[in-house]
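Residue numbers (this note's numbering): 16 to 69.
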């Protein structure tokens with residue numbers, strides 16, 4: 016199981032969304048938590064800057 020870290024900005028944005036959108040986003044985060052970086056399409060797309068340092 017992976018740890019998904021969100022930012023305050025993301026949390027504020029999510030709180031402003033309607034219930035349906037919140038549920039979809041949270042469902043996607045659960046799948047991301049379970050599968051981690053191996054998760055592929057349709058839930059994630061490759062980074063446009065793959066060598067971006069963290």
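Beta carbons are placed, not taken as given, at the ideal position from N, Cα and C, and that holds for glycine.
- Assignment of residue 27 by DSSP, reduced to helix, strand and coil, places it in the helix class.
- Residue 17 sits close to residue 48, with the two beta carbons spaced by under 8 Å.
- Taking C-beta atoms as the reference points, residue 46 and residue 54 count as a pair closer than 8 Å.
- In the three-state scheme derived from DSSP, where H, G and I count as helix and E and B as strand, residue 44 is classed as helix.
- DSSP, read as helix, strand or coil, puts residue 32 in coil.
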